[in-house]
Amino acid sequence: MQLFFRQVGTGQPLVILHGLFGSCDNWLTISKVIAEQGFSVYAVDQRNHGRSPHAPSHTYPELATDLHDFLQQNNIENPILVGHSMGGKTVMQYAMLYPDTFSKLVVVDIAPKSYPVHHAEILKGLSAVPLTEIQNRNEAEAILSQYEPSPSVRQFLLKNLYRNEEGVFAWRINLPVIKQYIELIGADLENTQTIRTPTLFIRGAESRYIKDADFWTIQTLFPNVTLDTIENAGHWVQAEQPEAFVKSLMNFAK
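In this text, residue positions in the sequence shown follow the UniProt record's numbering: the first is 1, and each later residue adds one.
Listed below in structure tokens is the structure:
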């Protein structure tokens, strides 16, 4: 599979993987800031997201293999791997399937554990938008607002809406497959093993994704770990506190 990506800067390779419903475009501003610090930044669309190919399945071993293939296809050696949420699980799964092929690991606001399905209303809302009937994005947002109360979350989701070659609205995400695999997207990692490569976990102080009780599991699987908590940030740490996020990342990466 040929994953879509955007690259900026020169220097130590640093690869960023977005979370569920996201894309590499969510990371453009952060990528440019990181690149200015002497890094070659690759922001990648994972399968069934953004401009990357749609596939009939969506499991973490597959996402990890996609990442491995991407690194080989683009001759990227010994990169720093950064993943947010679903992307964080992808880089953790990659580390366990392909150890010793990366220099450092950064996991953003996700723990190596299973999570119950909690995107059911969002999936209902996205599915409720009549793509062939709506005339503009405002109509789509009005429908989505019945399922998702947060305007910022709605705007984030609607970044996936675009007009295809026929001029009809469509989703960049592979909505049917994501709905089918949503339980596995929240599932625990497979083939877990201890990873001794330097690892940074960044969490938002107001997020519930990484709890204090999770740190024992994190330390067991990643004994060479640092945990950094960003104040006044929820799950989307990099968007809510970008300066603090970049500072944490650069302190670890350099």
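The beta carbon of each residue, even a glycine, is placed where N, CA and C say it ideally should be.
This one's a predicted model, so the numbers in the text were calculated from it and none came from an experiment.
If we count the other Cβ atoms within 10 Å of its Cβ and call it buried at 16 or more, is residue i buried or exposed?
{"i": "Met96", "result": "buried"}
{"i": "Trp171", "result": "buried"}
{"i": "Ala213", "result": "exposed"}
{"i": "Asp109", "result": "buried"}
{"i": "Asn26", "result": "buried"}
{"i": "Glu148", "result": "buried"}
{"i": "Asn164", "result": "exposed"}
{"i": "Tyr162", "result": "exposed"}
{"i": "Pro151", "result": "exposed"}
{"i": "His118", "result": "exposed"}
Of the residues the options, which one's Cα is nearest the Cα of residue i?
{"i": "Lys254", "options": "Pro79, Tyr209 and Leu123", "result": "Pro79"}
{"i": "Asp188", "options": "Leu123, Tyr60, Gly50 and His118", "result": "Tyr60"}
{"i": "Pro176", "options": "Lys124, Met86 and Asp25", "result": "Lys124"}
{"i": "Ile16", "options": "Gly9, Ser31 and Leu3", "result": "Ser31"}
{"i": "Phe21", "options": "Gln193, Val246 and Val153", "result": "Val153"}
{"i": "Asn74", "options": "Gly88, Val44 and Ser103", "result": "Val44"}
{"i": "Ala64", "options": "Leu158, Leu3 and Ser40", "result": "Leu3"}
{"i": "Phe215", "options": "Gln155, Met1, Leu158 and Lys113", "result": "Lys113"}
{"i": "Asn224", "options": "Val237, Thr199 and Val246", "result": "Thr199"}
{"i": "Leu131", "options": "Asp228, Phe169 and Ala239", "result": "Phe169"}
What does DSSP give as the partner residue(s) for residue i in the beta ladder?
{"i": "Ile30", "result": "Answer by DSSP bridge pairing: none, since Ile30 is not bridged."}
{"i": "Val41", "result": "Val8 and Leu14"}
{"i": "Phe201", "result": "Val107 and Leu227"}
{"i": "Phe169", "result": "Arg163"}
In terms of residue numbering, what span does the beta strand (DSSP E) encompassing residue i cover?
{"i": "His84", "result": "Ile80 to His84"}
Check whether the Cβ atoms of residue i and residue j lie closer than 8 Å to each other.
{"i": "Ala111", "j": "Ile230", "result": "no"}
{"i": "Ala205", "j": "Ala233", "result": "yes"}
{"i": "Val107", "j": "Phe201", "result": "yes"}
{"i": "Ala210", "j": "His58", "result": "Correcting the residue type first, residue 210 is Ile in the shown sequence and not Ala. No, they are not a contact pair."}
{"i": "Phe102", "j": "Thr226", "result": "no"}
{"i": "Ile182", "j": "Asn48", "result": "no"}
{"i": "Phe252", "j": "Lys104", "result": "yes"}
{"i": "Val33", "j": "Gln7", "result": "no"}
Taking residue i as part of the alpha helix (DSSP H), name the residues at either end of that continuous run.
{"i": "Trp216", "result": "Phe215 to Leu221"}
{"i": "Phe252", "result": "Pro242 to Ala253"}
{"i": "Gly125", "result": "Ala120 to Ala128"}
{"i": "Ile143", "result": "Arg137 to Leu144"}
{"i": "Gln180", "result": "Leu175 to Gln180"}
{"i": "Phe21", "result": "Per DSSP, Phe21 belongs to no alpha helix (DSSP H) and is neither H nor E."}
{"i": "Gln155", "result": "Pro151 to Leu158"}
{"i": "His68", "result": "Tyr60 to Gln73"}
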